[in-house]
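K.L.:
Below is one structure. I have some questions about it.
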Amino acid sequence: MIIQRTFGILIAAGLLTAQSAWAEGPVTAGDCSIYANAMTAETLNPEIANLYRIQRSKLNGVLSVSVVKPHPDGTRENVPAQVEATARTGDGPAGMIPMREISVGEGVSYIGQFPIADLQIVDFAIQVTPPGGEPAAIELQQQFFTD
135 MIIQRTFGIL IAAGLLTAQS AWAEGPVTAG DCSIYANAMT AETLNPEIAN LYRIQRSKLN
195 GVLSVSVVKP HPDGTRENVP AQVEATARTG DGPAGMIPMR EISVGEGVSY IGQFPIADLQ
255 IVDFAIQVTP PGGEPAAIEL QQQFFTD
């Protein structure tokens, strides 16, 4: 349970690893803040990777997205949303990243895996629709270092 909460906090803050990239601050959609980051799966703690069924490998990338809603008492909660993501490398076509919902403490976040190569630059296009909100678009670029 502590691991799940810690992972959720780190996802929301975009701080999982020094080799992760995150959108320049959260994107606001209604009263929600949307956080997105990308990292190599190899950098994840083995317990976290096992808990969320993420294959740790230097050739796998992980995209994480969290939608955070503030409450009047000052607390924040990860809330469900519709999340879709694509990845593009170079001039090739964008490929869908299958995103799946994971439980993080009492809230949820979304993760997807995709193949990567050393020095590869990946451009992500993420579409998020928070509960009762308008769709928000997030663009994120990450260069991956695997060797």
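Residues 135 to 281 (my numbering) make up the sequence shown, in order.
Ideal placement from N, C-alpha and C gives every residue a C-beta, glycine not left out.
Bear in mind the structure is a predicted one, so any value in this text is a computation, not a measurement.
1) Out of LEU193, GLY159 and ALA170, which has the shortest C-alpha to C-alpha gap to ILE245?
2) Quick one: residues in its chain with C-beta nearer than 8 Å to the C-beta of GLU240, no 5 flanking neighbours on either side, listed in chain order?
3) Should THR162 be labelled buried (16 or more other beta-carbon atoms within 10 Å of its own) or exposed?
4) Could you tell me whether the segment 215-223 touches the segment 259-273, where touching means 3 or more Cβ pairs closer than 8 Å?
5) Does DSSP put LEU178 in a helix, a strand or coil?
6) I believe ILE255 touches THR280 by the beta-carbon criterion, under 8 Å. Please report the beta-carbon distance rounded to the nearest angstrom.
P.N.:
In brief:
1) ALA170
2) Correct list, in chain order: GLU211.
3) exposed
4) yes
5) coil
6) That belief does not hold up - the Cβ atoms of ILE255 and THR280 are roughly 13 Å apart, past 8 Å.
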